[in-house]
Structure formats: C-alpha cells, structure tokens
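Here is the structure we will look at, set down as structure tokens.
In the numbering used here, the protein residues as written are 396 to 808.
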C-alpha cells in the first residue's frame with residue numbers, strides 16, 4: 396500500500412509540474428534564449444569574418460623611414476613600402492589621402508614604439524597598419540638571422556610538454572581535473588533550477604489548505620518521499636532540456652561560434668573520482684532538497700520560508716569564497732570544517748575530489764554523512780509536515796513537534 400501511495404504521489408507531482416504551461420515557459424526560455432544568441436553570434440561572426448577577409452585581401456601601400464637600420468628594403472618593397480627621408484611630407488601625404496600609411500621606425504624598435512600614420516579604414520581595417528609595420532621588422536630580422544629555428548627561439552615561440560608524477564604514477568594534470576568538476580556544475584545547475592520547486596513542494600498544499608484532506612488518504616512519509624523523488628525527476632528533465640541546445644550548438648555550429656574542438660580522449664577519466672563526484676552530488680542534492688522541504692513544512696507561506704532558504708544557500712556556497720584556500724591548503728582547519736560540515740561539504744568535497752586532495756577515507760566519511768543525514772532530514776520533514784499541516788498562519792513550534800504526548804494528542808485532533 397505504501398509503495399502504491401508513493402507511486403501515486405510521484406505520478407501526481409511530476410504530472411502536475413510537467414503539465415503546467417508556466418513550467419515549460421520558464422524551462423524553454425533559457426534554451427530559446429541560447430538559440431537566439433547562437434543565431435546572432437553566428438550571423439555576427441560570419442559578417443565580421445567576411446569584413447576582415449575583405450580587408451585583409453585589400454593590400455596597402457606605405458612609406459617608411461628607418462632610423463634603426465634593421466628594416467630590409469627588399470622586404471619592405473615586397474610588402475608595398477617605399478623608403479623616404481622626410482617624415483613631415485610623408486605624413487602630409489597621408490592626411491591628404493595620397494598615401495595609405497607612413498611608418499616611422501625609431502633607432503631602437505625594441506624599446507621605442509614605431510609610429511604609424513594611416514588613413515582611417517574603420518576599427519578593424521586600421522589594425523592592418525600595425526600588422527604590416529610589425530611584419531616588416533619580423534621579416535627583416537628573420538633575414539638577418541638566417542636560421543628559421545633561431546628566429547622561432549628568439550620570438551619565444553617554444554612549446555613545453557610537462558609530465559608530473561604522483562606516487563610513481565603519471566599525474567593527469569588539468570585534463571584529469573575537468574571531468575570530476577562536471578558533477579559540481581550539474582549540482583549547481585540542478586539546485587539553481589529547482590530551488591523554488593524544493594521550497595514550494597509542501598507549501599503549495601498548505602497555502603491551498605488541503606493538507607488535512609491529503610493526509611487522510613496518504614502516509615506522510617510516502618507523501619514527502621514522493622515529493623523529493625519528483626523534484627529529482629523534474630530536475631533531470633530540466634537539465635536535459637537545457638543541455639540539448641548546448642549539444643546542438645556544439646555539434647552543428649561549432650565553427651560559426653569559434654568554439655574549440657573538444658577531444659574527449661585527451662581527458663583523464665578516473666573511475667574512482669567520477670564515482671565519488673557522482674555520489675557527492677546526489678547526496679548533497681538529497682540533503683538540500685530534504686532540508687528545503689522541511690523548511691516548507693515549518694513555515695506557513697513562501698515569504699516566511701524565503702529567509703531560511705537564503706541562509707541555506709549561503710551555507711552551500713560559502714566554500715567558494717575560500718576556494719583558493721581549499722585548493723592550496725586542503726588540510727587546514729577551515730577547509731576541514733567546510734569538508735565535514737554537512738551543508739558546506741558537497742561543494743568543498745567535490746572541489747577537493749577533482750583536484751586530488753580528498754583521500755578515500757575522507758570521501759567515504761563525507762558520502763556516508765550526506766546520505767545518513769538526508770535520511771534523518773527526510774524523517775524530520777515528515778514529522779514537521781505532519782504537525783505543520785494545520786498551521787496555516789504561524790510557524791510550527793519545534794517544542795510542540797517533539798513534546799511527546801502533546802504532539803501525539805495534537806496529531807489525534
């Protein structure tokens with residue numbers, strides 16, 4: 396019978412939520428906005444690239460003076476330059492529109508800027524002057540060095556491949572940090588999307604004053620459990636709806652949006668870290684959902700519950716204000732407190748897990764703590780809802796709820 400009631404509650408809550416036009420308007424608003432932004436960015440990038448390509452194809456002619464002696468006349472001539480000695484006259488020609496640009500190379504281009512005078516060709520077009528002036532010096536220097544390899548080294552264009560080791564094993568580095576952090580992102584996204592749903596899941600019936608009627612046919616435990624499970628299901632639907640346009644944008648518009656290609660094979664997926672991250676995310680979400688439901692069971696309306704829910708959010712995100720300490724000194728007293736305090740534990744532990752500072756026994760303690768406390772909070776929410784269902788105007792008194800006989804007598808009324 397209890398299982399039947401639980402299925403009934405889940406089906407009702409999920410159906411009621413997914414059947415609301417407001418839910419789909421809010422849920423689809425973000426994907427539609429993303430789609431519009433993607434379309435505008437794609438159109439803008441295409442237009443910009445066409446403009447830049449057209450400007451890059453248009454060659455410029457310029458005059459130059461060289462006090463350094465570094466400019467190779469052959470290089471300058473190839474790029475469209477003509478050497479002059481009268482800077483004032485050359486600048487006057489530019490002002491009159493008779494010449495595209497004039498470059499004045501100083502005695503020491505390494506410490507003194509090269510002066511560029513040009514006809515205004517717009518924000519993007521003007522950048523061509525600087526590019527040509529710089530290319531003249533680079534090409535001239537390459538010709539004088541005579542060795543392409545030395546030229547590359549002189550420019551500092553050197554790639555370094557660093558390999559580090561942990562306990563004799565090659566460390567994954569940054570590519571091993573990103574995959575476990577996915578769970579932190581999903582935790583944040585889901586909590587943000589469903590925070591209102593968590594809080595109002597029990598308040599709605601109280602504000603409609605139908606909770607007594609519901610409790611005559613449903614067990615409070617099945618009712619609260621069904622509401623929490625429904626939040627998980629609705630959250631999964633919203634996350635999928637939000638991720639779909641991101642996936643479509645990457646697969647079909649990656650080039651237009653100038654998105655880098657992601658090679659999943661280059662990432663290091665540590666099975667232990669991925670499992671720990673998933674358990675921390677689920678345990679943390681269950682704890683915060685149960686707590687939000689309990690707050691809703693205590694308070695008579697959403698306005699009164701808002702302040703407590705804000706405090707809950709602050710407890711959740713407070714580790715982010717000391718993220719540098721979490722990463723640099725994970726064994727400090729403050730980080731340890733954040734790791735084991737239930738409401739700051741999910742984010743702190745997920746960060747430490749991703750960066751490899753959360754040991755196996757620490758992970759086991761935090762995960763066990765989150766799931767056990769989630770079960771305790773669930774029972775507390777059931778008890779609070781049982782006695783709070785008739786309090787339509789006042790906050791439920793904890794003294795009344797846990798007063799033994801008095802609570803029993805109140806429940807029998």
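Cβ coordinates follow ideal geometry from the N, Cα and C atoms, glycine included.
Helix, strand or coil at residue i [DSSP, three-state]
| i | result |
| --- | --- |
| residue 457 | strand |
| residue 735 | helix |
| residue 833 | Not covered by the structure: residue 833. The range shown for the chain is 396 to 808. |
| residue 477 | strand |
| residue 764 | helix |
| residue 487 | helix |
| residue 668 | helix |
| residue 741 | helix |
| residue 507 | coil |
| residue 556 | coil |
| residue 492 | coil |
| residue 750 | coil |
| residue 625 | helix |
| residue 727 | coil |
| residue 462 | coil |
| residue 685 | helix |
| residue 517 | helix |
| residue 414 | coil |
| residue 620 | helix |
| residue 769 | helix |
| residue 694 | coil |
Start and end residues, beta strand (DSSP E) containing residue i
| i | result |
| --- | --- |
| residue 498 | 496-500 |
| residue 513 | 510-513 |
Close Cβ partners of residue i (< 8 Å) along its chain, the five nearest in sequence each way excluded
| i | result |
| --- | --- |
| residue 665 | 567, 571, 574, 575 |
| residue 464 | none |
| residue 577 | 672 |
| residue 553 | 547 |
| residue 727 | 720 |
| residue 416 | none |
| residue 480 | 460 |
| residue 503 | 463 |
| residue 579 | 672, 676, 742, 745, 746, 749 |
| residue 515 | 521 |
CA nearest to the CA of residue i, picked from the options
| i | options | result |
| --- | --- | --- |
| residue 362 | 482, 469, 499 | Since the first residue shown for the chain is 396 and the last is 808, residue 362 is missing from the structure and cannot be characterised. |
| residue 689 | 770, 471, 732, 555 | 770 |
| residue 509 | 524, 515, 520 | 524 |
| residue 521 | 496, 491, 530 | 496 |
| residue 703 | 687, 482, 712 | 687 |
| residue 513 | 617, 487, 503 | 487 |
| residue 724 | 707, 752, 706, 739 | 752 |
| residue 667 | 743, 755, 693, 617 | 755 |
| residue 493 | 761, 455, 530, 499 | 455 |
| residue 505 | 529, 516, 517 | 529 |
| residue 638 | 422, 503, 418 | 422 |
| residue 420 | 633, 708, 776, 641 | 633 |
| residue 476 | 503, 707, 511 | 511 |
Same chain, Cβ closer than 6 Å to residue i, neighbours up to 5 away in sequence not counted
| i | result |
| --- | --- |
| residue 773 | 685 |
| residue 741 | 675, 679 |
| residue 718 | none |
| residue 761 | 740, 744 |
| residue 535 | 465, 466, 467, 470 |
| residue 776 | 619, 685, 688, 689, 692 |
| residue 507 | 501 |
Residue i versus residue j - alpha carbon distance
| i | j | result |
| --- | --- | --- |
| residue 585 | residue 631 | 8 Å |
| residue 747 | residue 722 | 7 Å |
| residue 485 | residue 542 | 35 Å |
| residue 635 | residue 627 | 12 Å |
| residue 758 | residue 623 | 24 Å |
| residue 501 | residue 733 | 58 Å |
| residue 787 | residue 691 | For residue 787, the pLDDT reaches just 49, beneath the cut-off of 50, and the residue's location in the model is therefore unreliable, although a value from the coordinates is still provided. Going by the C-alpha atoms only, they are around 12 Å apart. |
| residue 457 | residue 588 | 58 Å |
| residue 428 | residue 629 | 21 Å |
| residue 491 | residue 537 | 34 Å |
| residue 677 | residue 643 | 27 Å |
| residue 527 | residue 581 | 47 Å |
| residue 499 | residue 715 | 51 Å |
| residue 531 | residue 517 | 22 Å |
| residue 712 | residue 646 | 33 Å |
| residue 418 | residue 556 | 49 Å |
| residue 414 | residue 731 | 44 Å |
| residue 583 | residue 410 | 25 Å |
| residue 710 | residue 625 | 24 Å |
Sequence-distant residues of the same chain with beta carbon closer than 7 Å to residue i, five excluded per side
| i | result |
| --- | --- |
| residue 682 | 737, 765, 768, 769, 772 |
| residue 669 | 574, 575 |
Host alpha helix (DSSP H) of residue i (start-end)
| i | result |
| --- | --- |
| residue 467 | Residue 467 -> no alpha helix (DSSP H), and no H or E assigned at all. |
| residue 532 | 522-540 |
| residue 723 | 718-723 |
Near the ligand SAM: residue i beta-carbon under 7 Å from a heavy atom
| i | result |
| --- | --- |
| residue 498 | Absent from the structure shown: the ligand SAM. Ligands present: none. |
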